[in-house]
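Once you know that position 9 of the sequence shown is 5 in the working numbering, the rest is easy, because the numbers rise by one and skip nothing.
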Amino acid sequence: MSKARLQERKVYMESFRVCSHGAGDTVRIASILASKLFEGDVVLLKGELASGKTTFVKAVAAALGSPDPVTSPTFSLAQFYSSEAGSVLHVDAYRLANVLEYRDLGLEEYAETSISLVEWGEKITEEFPCHLLVELRQDVSDPNRRELVFSSSGERWALVLSGLRDEIAREVA
């Protein structure tokens, strides 16, 4: 683990919830988040099957200016996309049993120099002491609605979260 990661062991937790009334809202929310992302940032995505994790990643990548087609890396486990903001690492941890299997993929260096978006990221949170967790929860009464819960871990995300919340509130009614 890098020295920077060890220094991030101090935990800063902040969170907020926002409702998405459909795919358009989710895309706007993901685009707002994308404007806050930098090299080395890690966004872990949590949600049931078909909750919108890959759709969220597609929207983030598009907002970052990626011309590449975004698909779920369920079988390849990881894919890279180019973007105006730099490299985007898209990981699907669904088939990983634990963080050791993630480490076996040898992606640590890439995570430090890319914007990392990790579906099923809750399975490997210990690898990323400083991360943003985005949980997508489906509304059982309306298949188009999602509740998105943003939770920070690490000082960087604790600082970003309140501004992110305010901007989403202004842009997504």
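Here a beta-carbon is modelled for each residue, glycine too, at the ideal position from N, C-alpha and C.
In chain order, what residues of the same chain have a beta carbon less than 7 Å from the beta carbon of Ala55, not counting five sequence neighbours either side? Contacts found: Thr22, Val23, Ala26, Ser27.
Can you tell me whether Val136 is buried or exposed, with buried defined as 16 or more other CB within 10 angstroms of its CB? That one is exposed.
Could you check which residue in Leu29, Leu101, Ser148, Leu45 has the C-alpha nearest to that of Leu132? For the set Leu29, Leu101, Ser148, Leu45, the Cα lying nearest the Cα of Leu132 is the one of Leu45.
Nearest-angstrom Cα distance between Gly18 and Arg142? Looking at the two C-alpha atoms, the distance is approximately 7 Å.
Can you tell me the Cα-Cα spacing of Arg99 and Phe146, whole angstroms? Inter-residue distance for Arg99 and Phe146 is about 25 Å (C-alpha atoms, whole angstroms).
When the distance is taken between beta carbons, is Glu10 closer than 9 Å to Ser148? Closer than 9 Å, so yes.
If you drop the 5 nearest sequence neighbours on each side, which residues of the same chain put their C-beta closer than 6 Å to that of Tyr106? Excluding positions up to five away in sequence, the list reads Leu85.
Coil, strand or helix - Ser27 by DSSP: Looking at Ser27 - three-state DSSP - the assignment turns out to be helix.
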